[in-house]
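Student:
2 protein chains.
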Amino acid sequence: MHEPARAVVERYWALMASNDFHAVGEVLADDFVFDMPQSGERIRGRERYATMNAQYPAHGPWRFTRRRLLVDGDTALTETDVTDGVVRARALSLFTVREGRIASLVEYWPEPFALAPERAALVEPGPSMDDG
Amino acid sequence: MHEPARAVVERYWALMASNDFHAVGEVLADDFVFDMPQSGERIRGRERYATMNAQYPAHGPWRFTRRRLLVDGDTALTETDVTDGVVRARALSLFTVREGRIASLVEYWPEPFALAPERAALVEPGPSMDDG
Numbered sequence: 001m002h003e004p005a006r007a008v009v010e011r012y013w014a015l016m017a018s019n020d021f022h023a024v025g026e027v028l029a030d031d032f033v034f035d036m037p038q039s040g041e042r043i044r045g046r047e048r049y050a051t052m053n054a055q056y057p058a059h060g061p062w063r064f065t066r067r068r069l070l071v072d073g074d075t076a077l078t079e080t081d082v083t084d085g086v087v088r089a090r091a092l093s094l095f096t097v098r099e100g101r102i103a104s105l106v107e108y109w110p111e112p113f114a115l116a117p118e119r120a121a122l123v124e125p126g127p128s129m130d131d132g
Numbered sequence: 133m134h135e136p137a138r139a140v141v142e143r144y145w146a147l148m149a150s151n152d153f154h155a156v157g158e159v160l161a162d163d164f165v166f167d168m169p170q171s172g173e174r175i176r177g178r179e180r181y182a183t184m185n186a187q188y189p190a191h192g193p194w195r196f197t198r199r200r201l202l203v204d205g206d207t208a209l210t211e212t213d214v215t216d217g218v219v220r221a222r223a224l225s226l227f228t229v230r231e232g233r234i235a236s237l238v239e240y241w242p243e244p245f246a247l248a249p250e251r252a253a254l255v256e257p258g259p260s261m262d263d264g
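If you read the sequences in order, they're chains A and B. Numbering of the first sequence is given in this note's numbering, commencing with residue 1 and proceeding in unit increments. Numbering of the second sequence is given in this note's numbering, commencing with residue 133 and proceeding in unit increments.
#1: For residue 82 of chain B and residue 134 of chain B, what's the separation of their Cα atoms in angstroms?
#2: With a cut-off of 8 Å, does the C-beta of residue 227 of chain B fall near any C-beta of chain A?
#3: Ignoring anything shorter than 4 residues or poking outside the region 167-198 of chain B, list the alpha helix (DSSP H) runs there in chain order.
#4: If you follow the beta strand (DSSP E) that residue 82 of chain A is part of, which residue opens it and which one closes it?
#5: What does a CB cutoff of less than 8 Å around residue 5 of chain A pick up in its chain, not counting 5 residues either side in sequence?
#6: Distance, Cα to Cα, residue 211 of chain B vs residue 200 of chain B?
#7: Quick check on this structure: which residue in B/170, B/175, B/214, B/177 has the alpha carbon closest to the alpha carbon of residue 148 of chain B?
#8: Within 10 angstroms of its Cβ, does residue 198 of chain B collect 16 or more other Cβ (buried), or is it exposed?
#9: Taking C-beta pairs closer than 8 Å, name the residues in chain B that residue 111 of chain A reaches, listed in chain order.
#10: Strictly below 9 Å CB to CB, what residues from chain A border residue 207 of chain B?
#11: Using a C-beta cutoff of 8 Å, does residue 260 of chain B count as contacting chain A?
#12: Buried or exposed: which applies to residue 217 of chain B, given that a residue is buried once 16 or more other Cβ atoms fall within 10 Å of its Cβ?
#13: Please confirm whether residue 92 of chain A has its beta-carbon closer than 8 Å to some beta-carbon of chain B.
#14: Grab me the residues of residue 110 of chain A's own chain with a C-beta within less than 8 Å of its C-beta, minus the 5 sequence neighbours each way, in chain order.
#15: Please name the residue, chosen from A/41, A/102, A/107, that lies closest to residue 8 of chain A on a Cα-to-Cα basis.
#16: Tell me which residue opens and which closes the alpha helix (DSSP H) that residue 14 of chain A is part of.
#17: Taking contact to mean 3 or more Cβ pairs, one atom from each stretch, closer than 8 Å, check whether the region 243-259 of chain B and the region 185-192 of chain B are in contact.
#18: For a contact defined as C-beta to C-beta under 7 Å, what are the partners of residue 122 of chain A on chain B?
#19: In three-state DSSP terms, what is residue 259 of chain B?
#20: If I measure Cβ to Cβ from residue 35 of chain A and keep anything under 6 Å in the same chain, skipping five residues before and after, which residues do I get?
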């Protein structure tokens, strides 16, 4: 009996919170694939994925704050605030879990954009990514 | 007995596909709220939401291609390719359903970004938003 997708994704984020990015590999499948469709970058395997995270420039330890977790069968989405104390970003992470490990992760990093003047009359200030 | 979240979200996208953005209002709650955290824009109510969609500049009818739908209780995520035949974009839409209608929609529009040179050695070409 394999761990359900929700528990696997919870474990992934607990390991990410440790900032020991090599340890994260224990919840990744041997043939893990990480995709960022915004740049068309694909990274295969837990070693390369750990290296990418470990070498990413940081002002301090990365902190991850869960906003949402949706689980539907073997797939899950998390919406997460990410900061190193200086940089702030939001990640939308789409997980596919297979046999208790993460087989694939497709991740989006939306960036701030300016209010569109043509809809200014329809709009009021709402929650922003910058609120953290 | 209200329609389950999955059916409500399916109906939302079927109505969007009609490009009759005022008709979309039938699946929205009276106090519907639409948020775009990237700009901090909030739009309240089905009328203003319809106006925003109807007035958005377009080269032709909008087509919406579902990539994923995840449903977890009263919340759902869709990952959707959007095009008017010229402009192409991808939307990540987080729905909260209440009593058979959409109470809130939080939407992200991630934009393309360049491959990061510092991870070029770890990366291979993968699926990109531009693939459609």
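For glycine and all other residues, C-beta sits at the position ideal for the given N, C-alpha and C. Note that the structure is predicted; figures quoted are calculated from it, not measured.
Tutor: Concretely, from the data shown:
#1: This structure cannot settle anything about residue 82 of chain B, because the visible part of chain B is limited to 133 through 264.
#2: no
#3: 178-187
#4: 75-83
#5: 71, 73, 74, 75, 76, 95, 97
#6: 5 Å
#7: B/214
#8: exposed
#9: 170, 242, 243, 245
#10: 68, 70
#11: yes
#12: exposed
#13: yes
#14: 90, 92, 129
#15: A/102
#16: 5-17
#17: no
#18: 175, 180, 183, 184
#19: coil
#20: 42, 106
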